[in-house]
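A short write-up of the structure that comes next.
Number of protein chains: 2
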Amino acid sequence: MAARDYGQYGGITRALELVGERWALLIVRDLLVGPRRYGELGAGLPRIPSNILAARLKELQAAGVIRRVPHSRIIIYELTDYGHELEPVVLAFGAWGFKALGEPRDEQIITPDSMTMDLRTAFRPQVAANLPATAYGARFGPAELLIRVDGDTLDVRRGAGPVDLAFAADASIRRLISGELSPERAIATGMVEVLRGPGILLDRFASTFHLAA
Amino acid sequence: MAARDYGQYGGITRALELVGERWALLIVRDLLVGPRRYGELGAGLPRIPSNILAARLKELQAAGVIRRVPHSRIIIYELTDYGHELEPVVLAFGAWGFKALGEPRDEQIITPDSMTMDLRTAFRPQVAANLPATAYGARFGPAELLIRVDGDTLDVRRGAGPVDLAFAADASIRRLISGELSPERAIATGMVEVLRGPGILLDRFASTFHLAA
DNA sequence: CGGGATCCCTTAGGATACTG
DNA sequence: CAGTATCCTAAGGGATCCCG
Chain U
18 MAARDYGQYG
28 GITRALELVG
38 ERWALLIVRD
48 LLVGPRRYGE
58 LGAGLPRIPS
68 NILAARLKEL
78 QAAGVIRRVP
88 HSRIIIYELT
98 DYGHELEPVV
108 LAFGAWGFKA
118 LGEPRDEQII
128 TPDSMTMDLR
138 TAFRPQVAAN
148 LPATAYGARF
158 GPAELLIRVD
168 GDTLDVRRGA
178 GPVDLAFAAD
188 ASIRRLISGE
198 LSPERAIATG
208 MVEVLRGPGI
218 LLDRFASTFH
228 LAA
Chain A
18 MAARDYGQYG
28 GITRALELVG
38 ERWALLIVRD
48 LLVGPRRYGE
58 LGAGLPRIPS
68 NILAARLKEL
78 QAAGVIRRVP
88 HSRIIIYELT
98 DYGHELEPVV
108 LAFGAWGFKA
118 LGEPRDEQII
128 TPDSMTMDLR
138 TAFRPQVAAN
148 LPATAYGARF
158 GPAELLIRVD
168 GDTLDVRRGA
178 GPVDLAFAAD
188 ASIRRLISGE
198 LSPERAIATG
208 MVEVLRGPGI
218 LLDRFASTFH
228 LAA
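Line by line, the protein sequences are chains U and A.
40 is the number that this note's numbering gives to position 23 of the first sequence; each next residue is one higher, with no gaps.
81 is the number that this note's numbering gives to position 64 of the second sequence; each next residue is one higher, with no gaps.
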């Protein structure tokens with residue numbers, strides 16, 4: 018149960034001992050979106066074995082990265098302050114990996130939490146600050162996100178709500194964010210389907226969320 | 018040989034597929050210090066099995082993170098541009114882990130490359146910019162580093178050279194950097210041994226390299 | 001039903017030895 | 001020096017079962 022060590026004394030080896038095991042950083046990623054229950058974490062991590070999830074939660078707790086909070090009958094997992102300090106690392110790491118994303122393989126899915134973190138990664142506050150406050154409703158397969166941009170702040174949460182633009186997309190949203198695909202062509206080719214509101218707002222979306230290779 | 022995937026389409030999962038395997042990020046860390054040969058990498062990664070090192074190098078190469086460069090008879094590994102973009106991530110990750118470092122266990126060693134990266138992590142350019150240019154010679158067990166600070170730039174390399182202050186320390190150097198131990202006490206208790214130059218310069222060192230929990 | 005624990009099997013990782 | 005080859009252990013994967 019103790020994470021395997023590297024026989025070395027240093028910052029990076031220590032970090033890897035704490036969150037370097039398989040699945041661990043993905044648990045942290047999902048908890049950065051918000052506190053989650055055991056079942057929610059399992060649902061957001063496709064095919065993670067239940068025993069591995071349980072083991073990682075114990076290890077992360079022992080490492081002081083997460084906390085186990087019983088709420089009446091149910092149990093909530095949340096990041097400690099120290100765990101929360103991983104946010105810039107996870108975002109930067111995600112930005113790096115985003116650039117290497119190709120087309121999705123068939124068995125790959127998009128979960129609400131992973132999409133939320135990718136949006137945070139691609140968010141450009143300095144651009145958004147000069148644009149009007151906008152609410153987007155985005156549906157990626159089964160996942161529906163409510164994306165609110167106001168000034169230089171971003172708020173993403175699950176579910177629906179009043180929005181200026183509602184659209185449905187699949188993984189090709191990546192090509193919109195990377196700039197490989199223009200908003201016009203995304204709509205014209207049907208890769209992004211506008212459900213409500215003026216399609217021109219997709220331009221604003223693409224300016225707000227941008228991360229090029 | 019293909020790294021195991023996570024069945025998910027997103028930036029962080031992609032990053033973990035590329036450099037998330039055990040040892041991989043440590044190889045990247047050492048290559049951030051400079052190009053290295055196979056044997057040098059093995060020496061800097063205590064107890065890494067040779068077959069694992071070979072496997073990781075192939076995977077990292079296939080991932081576009083490192084490059085294999087034959088130089089006449091010998092072979093050099095170096096980061097690609099894309100691999101080099103991991104530098105801020107590795108530094109931030111190392112800073113996070115540094116805060117959780119306790120006392121070293123007996124079998125833990127300090128390698129020149131890991132110490133170099135820890136120094137880069139703890140370096141405070143804005144503080145250094147207001148101090149005179151200084152060269153330190155630091156010996157950590159068998160590893161000897163030449164640390165040159167000039168304005169807001171830092172240069173660390175192996176070996177000796179003309180320095181303003183030469184000192185020997187062990188892993189307790191961490192407590193100096195974290196601020197748990199004052200430079201005066203570090204010298205008084207013998208944890209840091211001044212070999213050459215005025216010991217007062219250790220104050221400057223502690224101001225320049227600081228990373229508190 | 002949420003939150004796990006247990007089982008068995010597969011595969012990656014570790015130790016050591018060996019080779020061009 | 002720069003890797004392969006081999007053997008073995010331990011961690012991960014998948015399904016199922018359990019308990020409050």
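Glycine is no exception: its CB is placed at the ideal position from the N, C-alpha and C atoms.
According to the DSSP assignment, PRO105 of chain A belongs to no beta strand (DSSP E) but to the alpha helix (DSSP H) extending over 104-115. DSSP places HIS227 of chain U outside both helix and strand once states are collapsed to three, so it counts as coil. Shortest Cα-Cα distance from GLU104 of chain U to any of U:SER89, U:GLN78, U:ASP135, U:ILE91 involves U:ASP135.
Interface annotation, GLY37 of chain A: in contact with chain U, CB-CB separation under 9 Å. When secondary structure is reduced to three states using DSSP, GLN125 of chain A falls in the coil class, being assigned neither helix nor strand. Between the alpha carbons of ILE217 of chain A and LEU62 of chain U lies a distance of about 53 Å. One Cα belongs to GLY176 of chain A, the other to ARG191 of chain U, and the distance between them is close to 47 Å. By the Cβ rule, the region 124-139 of chain U counts as touching the region 159-167 of chain U, because three or more pairs are nearer than 8 Å. Considering only beta carbons, the part of the region 63-85 of chain U lying closer than 8 Å to chain A consists of PRO63, ARG64, ALA80, GLY81, in chain order. If you draw a 10 Å sphere on the C-beta of THR225 of chain A, you find 16 or more other C-beta atoms in it, and that means buried. Counting along the chain, TYR153 of chain A sits inside no alpha helix (DSSP H); it lies in the beta strand (DSSP E) bounded by residues 151-157.
A distance below 8 Å between beta-carbons, with the five flanking residues on each side excluded, links VAL209 of chain A to the following residues of its chain, in chain order: PHE184, ALA185, ALA186, SER189, ILE190, LEU193, PRO200, ALA203, LEU219. By the Cβ-count criterion, ALA229 of chain U is exposed, with fewer than 16 other Cβ atoms from all chains shown falling within 10 Å of its own Cβ. Annotation for ILE29 of chain A: the continuous alpha helix (DSSP H) segment containing it runs 28-36.
According to the DSSP secondary-structure assignment, GLU210 of chain A is paired through a beta bridge with A:ALA185. In this structure, U:THR138 is the residue among U:ALA152, U:THR138, U:THR151, U:GLY158 with its C-alpha nearest to the C-alpha of SER195 of chain U. No Cβ of chain A is located within less than 9 Å of the beta carbon of GLY56 of chain U. At least one CB atom of chain U sits nearer than 9 Å to the CB of TYR26 of chain A. When the five nearest sequence neighbours on each side are left out, the beta carbons in the same chain lying within less than 8 Å of the beta carbon of GLY154 of chain U are those of GLU161, LEU162, LEU163, ILE164, ALA177, GLY178, VAL180, LEU182, ALA183, PHE184, LEU212, ARG213, in order along the chain.
Contact between GLN125 of chain A and TYR26 of chain U holds, with the beta-carbon distance rounding to 4 Å and staying under 8 Å. With a contact defined as Cβ atoms closer than 8 Å, PHE157 of chain A and GLY28 of chain U miss out at about 14 Å. In the DSSP assignment, LEU162 of chain A forms a beta bridge with A:ALA155, A:ARG175.
Excluding five sequence positions before and after LEU42 of chain A, the CB atoms of its chain that fall closer than 6 Å to its own CB belong to VAL36, given in chain order. Here VAL86 of chain A is exposed, its C-beta having fewer than 16 other C-beta atoms within 10 Å.
Contact check for ARG46 of chain A and VAL107 of chain A: beta-carbon distance about 6 Å, within the 8 Å limit, so the pair qualifies. Among the CB atoms of chain A, none fall inside 9 Å of the CB of GLY59 of chain U. Using a CB distance cut-off of 9 Å, VAL106 of chain U counts as an interface residue toward chain A. Of U:THR206, U:TYR99, U:PRO142, the smallest CA-CA separation from LEU171 of chain U is found for U:PRO142.
If you check the CB distance, ALA145 of chain U and ASP169 of chain U come in under 9 Å.
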